[in-house]
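*Asks:* Per my numbering, the very first residue in the sequence shown carries number 98; after that it's consecutive.
In this text, a Cβ means the ideal position worked out from N, Cα and C, and glycines have one as well.
Just so it is clear, the structure is predicted and the values come from calculations on it, not from any experiment.
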Amino acid sequence: MSPSGRPKGEFQSAQHGGSLMNLPIIVIGSGGHATVVADALLAAGERVLGFTDTDTRRHGMLLCGLPVLGDDSMLATFASGDVQLANGIGGTRAEALRCAVQGALEACGWQFATVRHPTAVVSPFARVSPGAQLLARSVVQPGAEVGAGCIVNTGAVIEHDVRLGEFVHVACGAVLCGHVQVGAHSHIGAAAVVKQGVTLGARTVVGAGAAVVKNSEGGFTLAGVPALEMRETR
Ligand code: JB2
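This is the structure:
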């Protein structure tokens with residue numbers, strides 16, 4: 098089993114769109130990432146009912162024309178078989194929160210939709226796990242594996258044979274060259290480049306614009322060109 102309790106190797110075809118079950122979707126969170134997720138779902142033709150947020154000040158707001166419905170307790174007004182969820186918590190370096198909130202809701206029986214913006218270019222020979230998010234103009238090449246709960250954000254490039262563990266966030270415009278491996282719960286900053294064949298262990302944080310040319314065992318923050326290990330992440 099994976100760290101978040103999911104069976105390993107549970108991949109689905111990258112050809113599926115946002116909703117496997119054709120159910121309406123509620124987006125968890127109502128910050129910037131949630132609006133990007135909702136926008137991708139709407140562009141893919143999905144039915145989005147609105148957002149939830151723990152911040153009561155946001156309840157009743159309209160985002161992308163959709164309401165913030167309440168906190169997560171309002172989900173109890175639906176049967177888990179009638180609605181899917183999408184994870185709208187992005188948060189630079191908030192992979193732990195994103196994973197914890199999703200894990201708690203999955204434990205209550207909720208399923209998380211895979212999100213794929215129609216402009217994402219995804220090879221039919223890539224493997225994309227449930228709940229991953231492939232956002233506008235992202236590219237996922239043949240042989241790549243995108244783990245459960247990953248975000249491949251706007252314009253990010255996942256080259257051939259790259260492997261992303263679960264809940265990795267590849268931020269906007271980052272480029273992972275061929276055969277790169279990134280361990281679970283890592284964050285690759287905006288416009289960073291990771292050279293082909295590099296392996297980064299779990300919970301690595303790569304700063305925006307960094308150029309990573311060497312392996313790192315995990316748990317480090319890497320920054321600069323070429324990137325150096327600056328400090329332990331946790
Ligand atoms: O347990 C929760 C929960 N915890 C935090 N349930 C629900 N339903 N909502 C929760 N939240 C809410 O998520 C917070 O109250 C907050 O409103 C929202 C997260 O929004 P925030 O604006 O802090 O971050 P974000 O994740 O939407 O966006 C960040 O990450 C993106 C990837 C920003 O840095 C963006 O610029 C970035 N593109």
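Candidates P121, L160, R144 and A141: which alpha carbon is nearest A131's?
*Replies:* L160
*Asks:* Any C-beta of chain B sitting closer than 8 Å to the C-beta of V237?
*Replies:* Annotation note: the requested chain B is absent from the structure, which comprises a single protein chain.
*Asks:* Which residue from S313, A183 and V254 puts its Cα closest to that of P227?
*Replies:* Nearest Cα to P227 within the set S313, A183 and V254: A183.
*Asks:* Restricting to Cα atoms, I'd like to know which of S235, H282, L232 and V259 is closest to E242.
*Replies:* For E242, the nearest C-alpha among the options comes from V259.
*Asks:* If V303 and H284 are in contact, beta carbons under 8 Å, what's the gap, nearest whole angstrom?
*Replies:* 7 Å
*Asks:* Report yes if the C-beta of G187 is less than 7 Å from at least one heavy atom of ligand 2; otherwise report no.
*Replies:* Among the ligands present in this structure, namely ligand 1, ligand 2 is not found.
*Asks:* What three-state label does DSSP hand M171 in the structure shown?
*Replies:* helix
*Asks:* Within the same chain, show all residues whose beta-carbon is closer than 7 Å to that of R155, passing over the 5 residues directly before and after it, in chain order.
*Replies:* For R155, where only same-chain residues beyond five positions count, the Cβ hits under 7 Å are S127 and V165.
*Asks:* Please go through the region 178-261 and give each complete alpha helix (DSSP H) segment of 4 or more residues, from N-terminal end onward.
*Replies:* 192-204
*Asks:* Tell me, which residues are paired with E326 by DSSP?
*Replies:* Residue pairing for E326: DSSP places it in a beta bridge opposite L319.
*Asks:* From E192 to A245, what does the alpha carbon distance come to, in whole angstroms?
*Replies:* 12 Å
*Asks:* Going by the CB atoms, is the gap between A217 and Q238 shorter than 8 Å?
*Replies:* no
*Asks:* Determine the extent of the beta strand (DSSP E) in which L138 is found, giving its start and end residues.
*Replies:* L138 -> not in any beta strand (DSSP E); alpha helix (DSSP H) instead, spanning G129 to A140.
*Asks:* With DSSP as the reference, identify every bridge partner of V124, one or two as the case may be.
*Replies:* F148 and A183
*Asks:* Taking the alpha-carbon of I248 as reference, which of V310, K292, Q293 and F264 has the nearest alpha-carbon?
*Replies:* Nearest C-alpha to I248: F264.
*Asks:* Give the DSSP-derived three-state secondary structure of T301 in the structure shown.
*Replies:* coil
*Asks:* Buried or exposed: R144, going by 16 or more other Cβ atoms within 10 Å of its Cβ?
*Replies:* exposed
*Asks:* Taking only heavy atoms of ligand 1 into account, decide whether any of them is closer than 7 Å to the Cβ of A183.
*Replies:* Within 7 Å of the C-beta of A183 there is not a single heavy atom belonging to ligand 1.
*Asks:* Could you tell me the alpha carbon to alpha carbon distance between A289 and T296, rounded to whole angstroms?
*Replies:* Whole-angstrom Cα-Cα distance: 15 Å.
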